[in-house]
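Since the structure comes first, as structure tokens, the remarks are kept for the end.
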Amino acid sequence: MSLDMNKLERIMNENIETIQTNNLQELKCTLVKKFDICADLIEHSLQLKTKTNVLLYYLEGLTDGVALKGSVVTPLLQEVNEDMQVFNSNIITTHTKIVYTWNEIKEGLLAGQCVLFMEGEQRSLLINTKGWAERAIQEPISEVTIKGSHDGFIENATKNIGLIRRYIPSAELKIKKLKIGERATTLVYLLYLGDVANEDVVHEVKTRICKIKTDTVLSIGDLDSLSTVLYK
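The numbers in the sequence shown follow full-length UniProt numbering, run straight up by one, and end at 232.
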């Protein structure tokens, strides 16, 4: 399907980066490169009844998993009998938008939408699967402020990362996933801005965390104490 001529002219004039391939592996590589070091970028690989391969991507913590499964994954697997139905029908039972540029894809993902790539298609589908747990995140008790936001972190790391992504909607927000704990493994997420943070400092922090040897880490206070003691 060709681009609308007016939209094509605007894209060319503004030098916007368009999708240049219909090869699924190349599309995957381009997206992963644009969201480099983003542990919350989730991929689902599907094969339709037509044997055509499809890739779905979304940012964990910004997307409603129930909506994704019920309105996107299940209809794709059960109701698509022709490839053209994916882009040209209402099989996906939520708001969708056909896009042709990487900027639209990045903005969609950072807004909590799911992006769909299909083998043989030089375009993508943005699917509205926004869903973050606003009511579960409450005002912090220990650090009360009068001005500004009163959102506070909770025990669920995925929701906390989603909260940060809402305030910093940028692919430059890097998220490294680390594992510590000898007996009970604890996941630790290291967040930083790739275009701002000093790489040497990021490497040092990561090294300190990875060198921690303990059975388990129960809180951020434990992590802070252990990493500090290690380098005294």
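Don't be surprised by glycine CBs; every beta carbon is placed ideally from N, CA and C.
In this structure, how does DSSP classify residue i when only helix, strand and coil are distinguished?
| i | result |
| --- | --- |
| residue 164 | helix |
| residue 180 | strand |
| residue 158 | helix |
| residue 20 | coil |
| residue 145 | Note that residue 145 scores 49 on pLDDT, short of 50, meaning its location in the model is unreliable; the coordinates nonetheless yield the value given after this. If DSSP states are grouped into helix, strand and coil, residue 145 belongs with coil. |
| residue 45 | strand |
| residue 62 | coil |
| residue 233 | No answer is possible for residue 233: the residues shown for the chain start at 1 and end at 232. |
| residue 188 | strand |
| residue 198 | coil |
| residue 87 | helix |
| residue 204 | helix |
| residue 79 | helix |
| residue 50 | coil |
| residue 93 | coil |
Just list the residues that DSSP pairs residue i with in beta bridges.
| i | result |
| --- | --- |
| residue 117 | 55 |
| residue 98 | 125 |
| residue 212 | Beta-bridge pairing links residue 212 to no other residue. |
| residue 173 | 193 |
| residue 38 | 175 |
| residue 130 | 63 |
For my contact list, residue i and residue j are in at a C-beta cut-off of 8 Å; report their separation, rounded to the angstrom.
| i | j | result |
| --- | --- | --- |
| residue 66 | residue 92 | At roughly 15 Å, the Cβ-Cβ gap does not stay under 8 Å, so residue 66 and residue 92 are not in contact. |
| residue 40 | residue 161 | 6 Å |
| residue 110 | residue 59 | 7 Å |
| residue 213 | residue 182 | 7 Å |
| residue 129 | residue 63 | 5 Å |
| residue 81 | residue 49 | 6 Å |
| residue 126 | residue 104 | 7 Å |
Between the Cα of residue i and the Cα atoms of the options, which residue gives the shortest distance?
| i | options | result |
| --- | --- | --- |
| residue 47 | 62, 172 and 86 | 86 |
| residue 180 | 123, 89 and 209 | 209 |
| residue 101 | 111, 164, 188 and 21 | 21 |
| residue 170 | 112, 201, 199 and 128 | 112 |
| residue 131 | 68, 26 and 18 | 68 |
| residue 23 | 157, 123 and 195 | 123 |
| residue 192 | 84, 206, 79 and 31 | 206 |
| residue 38 | 127, 61, 27 and 45 | 61 |
| residue 233 | 83, 195, 16 and 25 | Shown here, the chain extends from 1 to 232; a query on residue 233 therefore has no answer. |
| residue 114 | 88, 45, 89 and 84 | 45 |
| residue 16 | 99, 42 and 204 | 99 |
Any C-beta of chain C sitting closer than 8 Å to the C-beta of residue i?
| i | result |
| --- | --- |
| residue 33 | Considering every chain present, this structure includes no chain C. It has just one protein chain. |
Inset, instruction - Count the C-beta pairs between the segment 47-55 and the segment 115-133 that are closer than 8 Å, then say yes if the count reaches three, no if not. - result: These segments touch.
Legend entry - Inter-stretch contact (C-beta, 8 Å, three-pair minimum) for the segment 175-195 and the segment 69-84: Counting Cβ pairs under 8 Å, fewer than three are found: no touch.
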